[in-house]
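Numbering (the UniProt record's numbering), first residue to last: 1 to 406. Glycine is no exception: its CB is placed at the ideal position from the N, C-alpha and C atoms. Given the structure is predicted, the values throughout are model-derived calculations rather than measurements. Have a look at the structure below, then the notes.
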């Protein structure tokens with residue numbers, strides 16, 4: 001027979017829990033009455049039919065087997081000498097609940113050490129206090145109501161401070177565990193209702209505040225209505241010209257040479273008077289033909305070669321100015337005193353090749369690092385001067401190694 005599902009095996013530290021669980025299981029199978037009765041009545045059993053006697057014996061045996069199968073192997077030798085369930089129960093009870101002075105002192109210490117755990121249900125805490133007092137009563141030490149009531153209220157949180165002070169003022173007749181329990185449970189329910197109301201009010205206030213902020217933000221960023229007839233948003237042309245420092249008079253008097261405009265400085269042209277101070281130029285304007293053939297106008301440019309020559313002259317002048325930017329001169333890579341140095345690794349697996357310029361601490365370990373160094377120092381990069389192969393263990397100046405002319 002296997003252990004009953006839901007009943008933990010009896011160990012050295014769970015007697016109180018196991019005792020309740022096995023009691024419920026024995027009651028379920030109709031065998032707890034044989035644990036409560038000290039002795040059976042043979043006269044009553046003799047009057048039973050053979051079927052009832054078999055059923056009675058089966059339930060008696062079941063009481064013992066349920067107890068035996070639900071204890072650990074450590075304690076099975078205690079009840080192995082009997083087959084009676086009541087006797088097995090008594091043996092285990094005397095082992096775990098000895099009626100001694102040391103046992104009473106231990107239970108007293110556990111009783112006064114029962115404290116309220118923050119967040120614990122108050123009813124469960126009071127139940128633990130009453131159970132500790134009941135265990136003392138079972139070993140013959142009945143606690144006075146004063147101690148039980150004091151243990152119920154001594155470690156309660158500050159929320160019960162007012163109720164605890166009121167309970168201390170009660171008379172000795174009212175200061176009993178049952179009345180104290182009822183008063184504390186009422187106070188716990190009241191505090192729960194108050195807390196729930198405060199949470200509802202705070203939730204409502206928070207939602208109302210959020211709605212108010214959203215409404216305020218919407219009204220803050222709402223665009224103002226513009227009056228079409230108002231001139232407050234229209235800037236005058238003088239203000240625009242002043243802010244951008246543009247002279248409209250000069251812009252209007254400028255004439256740009258295009259396919260339809262040619263400059264002839266040899267002929268007397270339009271004198272702009274105060275605006276132009278240079279030589280008088282002749283502006284020949286050519287309109288587009290009425291038939292839409294604009295390409296015929298391009299051919300007419302041959303009639304005025306002076307305009308093309310003048311434009312070429314101006315273009316050459318601008319190009320010469322742009323070409324005056326000087327580019328930095330690169331030093332030949334051969335003229336740099338490069339030093340090649342092989343370095344053997346600690347594990348002697350291979351040799352690493354380093355290049356550096358004489359008098360410099362920069363150690364270059366790859367072609368990319370050398371190329372970057374040349375670019376930063378205006379040196380013409382020549383990859384043929386460098387060799388990072390570990391097979392070549394020569395060291396010294398690159399010019400001497402490659403027999404290069406200096």
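**OP:** Confirm, please, whether the CB-CB distance from residue 385 to residue 333 is below 8 Å.
**Re:** yes
Original post:
Leaving out the 5 sequence neighbours to the left and right, which residues in its chain are closer than 6 Å to residue 28 when beta-carbon positions are compared?
Top reply: none
Original post:
Three-state secondary structure (DSSP) at residue 59?
Top reply: Here residue 59 sits in helix by DSSP.
Subject >> Cut-off 7 Å between Cβ atoms - residues of its own chain near residue 15, not counting five sequence neighbours on either side >> reply: 96
Subject >> DSSP-derived helix/strand/coil call for residue 142 >> reply: coil
Original post:
How many angstroms separate the CA atom of residue 64 from the CA atom of residue 50?
Top reply: When rounded, the distance between both Cα atoms is 22 Å.
Original post:
What are the boundary residues of the beta strand (DSSP E) that includes residue 338?
Top reply: 338-344
Subject >> Meets three-Cβ-pair contact criterion under 8 Å: the region 66-73 and the region 82-102 >> reply: yes
Original post:
Between the C-alpha atoms of residue 382 and residue 343, what's the straight-line distance to the nearest angstrom?
Top reply: 23 Å
**OP:** May I have the straight-line CA-CA distance separating residue 1 from residue 82, to the nearest angstrom?
**Re:** With a pLDDT of 49 at residue 1, under the threshold of 50, the modelled position of that residue is not reliable, and the figure given next carries that caveat. Whole-angstrom Cα-Cα distance: 18 Å.
**OP:** Evaluate residue 98 with the Cβ neighbour count: other Cβ atoms within 10 Å of its Cβ, from every protein chain shown; 16 or more gives buried, anything less gives exposed.
**Re:** Flag for residue 98 reads exposed.
**OP:** For the alpha helix (DSSP H) containing residue 173, list its first residue and its last residue.
**Re:** Segment: none, residue 173 is in no alpha helix (DSSP H) and carries neither H nor E.
Subject >> Cα-Cα separation between residue 164 and residue 153, rounded to whole angstroms >> reply: 6 Å
Subject >> Close beta carbons around residue 23, own chain, < 7 Å, minus the five adjacent residues each side >> reply: 32
Original post:
Out of curiosity, what's the CA-to-CA distance linking residue 232 and residue 194?
Top reply: The predicted model places residue 232 with a pLDDT of 47, which falls under 50 and marks its position as unreliable, so this point remains unresolved.
**OP:** Could you tell me how far apart the beta carbons of residue 439 and residue 375 are, in whole angstroms, since I believe they sit closer than 8 Å?
**Re:** Because residue 439 is not part of the residues shown, which for the chain are 1 to 406, the question remains open.
Original post:
Roughly how many angstroms lie between the CA atoms of residue 119 and residue 101, to the nearest whole one?
Top reply: 35 Å
Original post:
Among all the DSSP beta bridges, which residues are the ones paired with residue 357?
Top reply: Looking at the DSSP assignment, residue 357 forms a beta bridge with 338.
**OP:** For residue 180, count neighbouring C-beta atoms within 10 Å of its own C-beta (all shown protein chains included) and say buried if the count is 16 or more, exposed if not.
**Re:** buried
Original post:
CA-CA distance, residue 373 and residue 394?
Top reply: Rounded to the nearest angstrom, the two C-alpha atoms are 23 Å apart.
Original post:
Around the C-beta of residue 177, are 16 or more other C-beta atoms found within 10 angstroms, so that it is buried, or is it exposed?
Top reply: buried
Subject >> Start and end residues, alpha helix (DSSP H) containing residue 15 >> reply: 15-28
Original post:
Beta carbon of residue 369, beta carbon of residue 337: below 8 Å?
Top reply: no
**OP:** Give me whichever residues DSSP pairs with residue 396 in a beta bridge.
**Re:** Answer is 340.
Subject >> Cβ neighbours of residue 390 in the same chain (closer than 6 Å, five flanking residues each side left out) >> reply: 350 and 351
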